[in-house]
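Residue 809 in our numbering sits at position 169 of the sequence shown; the count goes up by one each step and never skips.
All C-beta atoms, glycine included, are put in the ideal place defined by N, C-alpha and C.
Since we're looking at a predicted model, the values are computed, not measured.
Inspection log for the structure reproduced underneath, given as structure tokens.
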Amino acid sequence: MKIITCIKQVPASSNVQVDPITGVLLRDGNNVKMNPYDLYGLETAFQMKERTGAIVSAITMGPPSATSVLKEALYMGADEAALITDRKFAGADVLATSYTISQMIRHMGEFDVVICGKQTTDGDTAQVGPEMAEFLGIPHIPYVKEIIEVTKDYLIVKSTYEQYEEIVKVSTPCLLTIEKGYNTPRLPSYLRKQQYKDYKIEMVTLKQFEDQDESHYGLNGSPTQVDEIFSPSKNHEVKHLVGSSEELAAKMIEILKESRFV
641 MKIITCIKQV PASSNVQVDP ITGVLLRDGN NVKMNPYDLY GLETAFQMKE RTGAIVSAIT
701 MGPPSATSVL KEALYMGADE AALITDRKFA GADVLATSYT ISQMIRHMGE FDVVICGKQT
761 TDGDTAQVGP EMAEFLGIPH IPYVKEIIEV TKDYLIVKST YEQYEEIVKV STPCLLTIEK
821 GYNTPRLPSY LRKQQYKDYK IEMVTLKQFE DQDESHYGLN GSPTQVDEIF SPSKNHEVKH
881 LVGSSEELAA KMIEILKESR FV
């Protein structure tokens, strides 16, 4: 069994920089971390590996600095890792991102399960996983909270929604998005770090894809464009109000109206 886990490098804090021309986040490798939701996806893959002897491959899309999260995945338990990197992929929205990663998965050959975190902390769309499944032509199950049974031909999983849960039998190959809290992600291992210290992470560019039409990738392949991204202004102005409860209430209403909150 072959499991492909999709991970992402995201800003480690809200102090991020934005390209003033393209409106996309600048990812220079500083102040970044692995997307927290992807940690649950990785742990799910590792537990499936322990049950079946599967091979776990970790992939991510980003600049060369994104190899740091791939190394982290290797030290945690992944068997292989590859980086999808090309300037032509820059500025991709969720659709172009999904298509690019699906092309990478096709480039990798046969697989049984693709695992993603439920969403990312920088985009929060939760769309990339399901869109990848559509591009790959495979079934997908979102919000997975438990893997009940694993075989080469099918999985039985439990998904959780706001008001109900469902147990689903899905044939392989398939794609799962993992809900947070399903498991406790393991820490990177020092022994594995020593084992993989000379490991060469594969770098995959557009030239290695089956579809090399540049209009399908990056900003060119993105039907949605960022109009503007900016940091919210911080106003520390303090107003002291004095008066009776009725007078204070009236003044508060007036302030809210001036600020267009009501």
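8 Å contact criterion, which residue i and residue j should meet: CB distance rounded
| i | j | result |
| --- | --- | --- |
| residue 677 | residue 758 | 5 Å |
| residue 789 | residue 642 | Not really, about 18 Å apart at Cβ, beyond 8 Å. |
Given residue i as reference, the closest of the options once Cα atoms are compared
| i | options | result |
| --- | --- | --- |
| residue 674 | 888, 702 and 896 | 702 |
| residue 829 | 708, 715, 684 and 692 | 715 |
| residue 812 | 855, 865 and 796 | 796 |
| residue 620 | 846, 896 and 889 | As shown, the chain starts at 641 and ends at 902. That puts residue 620 outside it, with no answer to give. |
| residue 861 | 709, 731, 725 and 644 | 731 |
| residue 852 | 680, 697, 720 and 729 | 729 |
| residue 907 | 886, 778 and 879 | Nothing about residue 907 can be read from this structure; the chain reaches only from 641 to 902. |
| residue 881 | 822, 805 and 893 | 893 |
| residue 827 | 650, 712, 644 and 699 | 712 |
| residue 687 | 801, 823, 885 and 884 | 823 |
Nearest-angstrom Cα separation, counted from residue j out to residue i
| i | j | result |
| --- | --- | --- |
| residue 689 | residue 901 | 52 Å |
| residue 773 | residue 834 | 35 Å |
| residue 706 | residue 868 | 25 Å |
| residue 733 | residue 765 | 10 Å |
| residue 692 | residue 644 | 14 Å |
| residue 726 | residue 844 | 8 Å |
| residue 825 | residue 684 | 8 Å |
| residue 890 | residue 884 | 10 Å |
Delimiting residues of the beta strand (DSSP E) encompassing residue i
| i | result |
| --- | --- |
| residue 817 | 814-818 |
| residue 747 | Note, residue 747: premise wrong, no beta strand (DSSP E); alpha helix (DSSP H) at 734-748. |
| residue 802 | It is not in any beta strand (DSSP E) - residue 802 carries neither H nor E in the DSSP assignment. |
| residue 843 | 842-844 |
| residue 697 | 695-701 |
| residue 837 | No beta strand (DSSP E) contains residue 837, which DSSP labels as neither H nor E. |
| residue 877 | No beta strand (DSSP E) contains residue 877, which DSSP labels as neither H nor E. |
| residue 783 | 780-790 |
Endpoints, the alpha helix (DSSP H) within which residue i is located
| i | result |
| --- | --- |
| residue 649 | No alpha helix (DSSP H) holds residue 649; the beta strand (DSSP E) holding it covers 649-651. |
| residue 768 | 768-776 |
| residue 684 | 676-692 |
| residue 640 | Residue 640 cannot be examined here, being either before or after the span of the chain that is shown, 641 to 902. |
| residue 889 | 885-898 |
| For the stretch 814-832 against the stretch 749-758, are there 3 or more C-beta pairs whose distance is under 8 Å? | yes
Are three or more beta carbon pairs between the stretch 852-864 and the stretch 731-749 nearer than 8 Å?
yes
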